[in-house]
Amino acid sequence: MKSTPCLLLAFALAGPALAADPETRVGVAVLDFKADWHTDYRLDITHSGEVFSALLAQDLSVLKPLTVVGRDEKGANLAGERTVGDERMTPAAAKALGDSLRASALVTGQLFRSKTQLIIAAKVVLTATGQTSGTLVQGDPSIPLADLTARLGAQIANLILYQADSAPRQWKPASIVGSGGPEAPADDDETAYVAAIDGKPVADAEKRQKEPFTLLPGTHELVVRGENSKPGYSVRFAIQALPNARYQVHYRPRGDGPPAVAQAIPMDYRPTVWIHDLNSGTSIRVLVEIGTESKWPPVVFSNDGFEAYPSGVLGSNQGSPAPGSSGGHAK
Amino acid sequence: MNDDDLDEMLREAAVPERPQADWDRFPGQVVLRLSSGETRSLRRRFWPLAAAGLATACAGLLLGFALWHRNGFGGPDGTELRDGRMLQALEAEFPGRLQAIIMDARGVRPQLSASSDVSESDPIWLEIREGKERRVVVTFSGQVIRCGGRDVVVLADHDGQVMLLGPGFLWSPQASAGEAEGVEIKAEQLTDRRKDPTKRNSL
């Protein structure tokens, strides 16, 4: 669960990913979670409750038919100080809040840190009926916070669907594989592989680049390393893994990736990393690139354009860097 | 004198006139008689009613005293609380207002909402031990009870997993944190007890 502060901050900044899908029906507002200073200290995140609620909102937004509402374009909670975390909040107050946010369900909760476990408890209120339920997840420090959040998100989604008399669903995990996977182009001389997932380094990552790794639906932090005959780059960024998606990472030492990449990069000598969705045949949106320490920071391709963040803007004060994310040209 | 002579004499006899003073006293005597007769009638009706009321009050007091001081409602384990009969009765008495039924050393009492805003859900059985104090609470998901010296909300999921959540307080069968670590709690979701009181779960 360490190394997540960068990830969490990135998620909090990633509001545009919450754009509503016209097919979805159930509006969910994620209000701020509570966490005491002790939990903040253990997680090394200031206001970890608020940061976690932004992360949870991101994860819920990929679980159809849910739509996350009640957040501004930066992902901040529009309900402000109001929260269903108040034990005495009445059903009428929950309904009024739901009406103001256009939410069918309100979600809040608390983070607890025991000696060995992180426990996250969520409370779910249906605004129309006042029906209230709860669920929790827990895990030791070896379990990434991203995975705990994704699990909690799925549990919350099914609570909402159950209370709304809809059938429970299972959202299948996504997978990600390196550029040398079975569907790699024959003339591809690049090498790109997943070096770390959610702060956990992948053992023998380069040798395992053809092996798909599982990503629970939701937001995850990846460290991708790209190489060819020259020294390569490591880049760390966050992606929103859609249910049942199959992703493949790609790298070019220069900006000669997909046509859109080549057209948009003004300096074609910069390396490029992007992620390809093998199911849809498109490059997926990368939420934000979080810090690299290279002379020429790589450009991360996104459906919405390019989001290149020079080294040091987001990368230097975000807790301990993930393995492989620093070092620039050093292999 | 034979009978015929006697009858003849009585027919011819005149009624003696009353003195005027008698007629002057007569209305007052009538009123006095009527007043004293009404009082006696009222007294005759009051005493049976009073006796019945007193007997009812005594019976109620005795019943209340017995319920207040017995170890549990329906037995030491509060079985009548658990099988849904009391829940059903109180919900009928207070529709939409019953938040919880609490049984402790002081007896059994309902916890009611000020308005009819308690949403319907399956009841939850809680047995809470804090130090030497033991109490049983039957409540619903989303309701607030006192536990660990604070207000906590009781929450359940669709699989019947129960947890108690409050400021710095989390209890669930899987994990506890904060002040809940000093409280012993057992919980069970009672499915459809109100609909079929004959169904009973074993804890």
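Each protein sequence line maps, in turn, to chains A and B.
All residue numbers for the first sequence refer to my numbering, where the first residue is 36 and numbers rise by one.
All residue numbers for the second sequence refer to my numbering, where the first residue is 342 and numbers rise by one.
A virtual CB, placed ideally from N, CA and C, is assigned to each residue, including glycine.
Just so we're clear, the structure is a prediction, and the values are computed from it rather than from any experiment.
Just how far apart, CA to CA, sit residue i and residue j?
| i | j | result |
| --- | --- | --- |
| Ile154 of chain A | Leu395 of chain B | 58 Å |
| Met350 of chain B | Pro357 of chain B | 15 Å |
| Arg352 of chain B | Arg359 of chain B | 20 Å |
| Phe87 of chain A | Leu78 of chain A | 11 Å |
| His285 of chain A | Glu256 of chain A | 16 Å |
| Asn193 of chain A | Lys158 of chain A | 13 Å |
| Glu525 of chain B | Ile469 of chain B | 6 Å |
| Gly234 of chain A | Glu474 of chain B | 46 Å |
| Phe272 of chain A | Ser83 of chain A | 20 Å |
| Leu390 of chain B | Ala433 of chain B | 30 Å |
| Ala185 of chain A | Tyr282 of chain A | 18 Å |
| Thr74 of chain A | Ala430 of chain B | 44 Å |
| Leu196 of chain A | Ala238 of chain A | 38 Å |
| Ser177 of chain A | Arg450 of chain B | 47 Å |
| Leu113 of chain A | Val104 of chain A | 9 Å |
| Arg260 of chain A | Ser269 of chain A | 4 Å |
| Phe510 of chain B | Gln152 of chain A | 15 Å |
| Gln173 of chain A | Ala398 of chain B | 55 Å |
| Glu241 of chain A | Arg491 of chain B | 54 Å |
| Ala202 of chain A | Pro100 of chain A | 11 Å |
Our contact map puts residue i next to residue j with C-beta atoms below 8 Å; I'd like the distance itself, whole angstroms only.
| i | j | result |
| --- | --- | --- |
| Pro278 of chain A | Pro247 of chain A | So it is not a contact: roughly 15 Å between Cβ atoms. |
| Val160 of chain A | Val63 of chain A | 11 Å between Cβ atoms; not a contact. |
| Val494 of chain B | Val485 of chain B | 5 Å |
| Leu453 of chain B | Phe481 of chain B | Incorrect: roughly 13 Å between the Cβ atoms, too far for contact. |
| Arg487 of chain B | Asp445 of chain B | Not confirmed; about 10 Å, so no contact. |
| Gly169 of chain A | Ala129 of chain A | In fact, because the Cβ distance is near 14 Å, the residues do not count as touching under 8 Å. |
| Gly483 of chain B | Leu467 of chain B | Contact flag wrong, Cβ pair sits at about 14 Å. |
| Pro208 of chain A | Thr249 of chain A | 5 Å |
What does residue i touch in chain A if you count any residue whose Cβ is under 8 Å from its own?
| i | result |
| --- | --- |
| Asp458 of chain B | Thr125, Pro126, Ala127 and Gly165 |
| Gln515 of chain B | Leu171 and Gln173 |
| Val449 of chain B | Near Val449 of chain B there are no residues of chain A at all, since even the closest Cβ is about 24 Å away, more than 8 Å. |
Who pairs with residue i in a beta bridge, going by DSSP?
| i | result |
| --- | --- |
| Asn112 of chain A | A:Arg106 |
| Pro247 of chain A | Bridge partners of Pro247 of chain A: none, in fact. |
| Leu171 of chain A | A:Ala156 |
| Ser269 of chain A | A:Arg260 |
| Met444 of chain B | B:Val449 and B:Val477 |
| Gly62 of chain A | A:Thr102 |
| His499 of chain B | His499 of chain B pairs with nothing; no bridge assigned. |
| Gln530 of chain B | B:Ile465 |
| Cys488 of chain B | B:Arg491 |
May I ask you to report which of helix, strand or coil DSSP gives residue i?
| i | result |
| --- | --- |
| Met504 of chain B | strand |
| Gln145 of chain A | strand |
| Glu474 of chain B | strand |
| Lys150 of chain A | coil |
| Gln166 of chain A | coil |
| Val284 of chain A | strand |
| Pro126 of chain A | helix |
| Trp367 of chain B | What sits at residue 367 of chain B in the sequence shown is Phe, not Trp. In this structure, Phe367 of chain B counts as helix in the three-state DSSP scheme. |
| Val384 of chain A | Nothing about residue 384 of chain A can be read from this structure; chain A reaches only from 36 to 366. |
| Asp94 of chain A | helix |
| Thr81 of chain A | coil |
| Ala310 of chain A | A small fix is needed here, since residue 310 of chain A is Ile in this sequence, not Ala. The answer is strand: DSSP assigns Ile310 of chain A an E or B state. |
| Pro236 of chain A | strand |
| Glu241 of chain A | coil |
| Val229 of chain A | strand |
| Ala199 of chain A | coil |
| Glu432 of chain B | helix |
| Glu525 of chain B | strand |
At 7 Å on the CB atoms, spell out the chain B contacts of residue i, in chain order.
| i | result |
| --- | --- |
| Leu91 of chain A | Within 7 Å Cβ-Cβ: nothing; Leu91 of chain A doesn't reach chain B, min ~16 Å. |
| Ala156 of chain A | Met504, Leu506 and Leu511 |
| Gln152 of chain A | Ala516 |
| Phe147 of chain A | Leu511, Ala518 and Gly519 |
| Tyr197 of chain A | His499 |
If the cut is a Cβ gap below 7 Å, which residues of chain A does residue i touch?
| i | result |
| --- | --- |
| Val524 of chain B | What Val524 of chain B touches in chain A: nothing, since even the nearest Cβ is about 15 Å away. |
| Val308 of chain B | Residue 308 of chain B is absent from the model: chain B starts at 342 and stops at 544. |
| Met427 of chain B | Those within 7 Å of Met427 of chain B in chain A number zero; the least Cβ separation is about 23 Å. |
| Asp498 of chain B | Ser168, Gly169, Thr170 and Leu194 |
Who are the neighbours of residue i on chain B, taking C-beta pairs under 9 Å?
| i | result |
| --- | --- |
| Lys245 of chain A | Residues of chain B passing the Cβ test: none, with the nearest at roughly 38 Å. |
In chain B, which residues lie with their C-beta within 8 Å of the C-beta of residue i?
| i | result |
| --- | --- |
| Asp71 of chain A | Gly509 |
Which chain A residues sit within Cβ distance under 9 Å of residue i?
| i | result |
| --- | --- |
| Gly501 of chain B | Those within 9 Å of Gly501 of chain B in chain A number zero; the least Cβ separation is about 11 Å. |
| Gly483 of chain B | Pro126, Lys158, Val160, Gly165, Gln166, Thr167, Ser168 and Gly169 |
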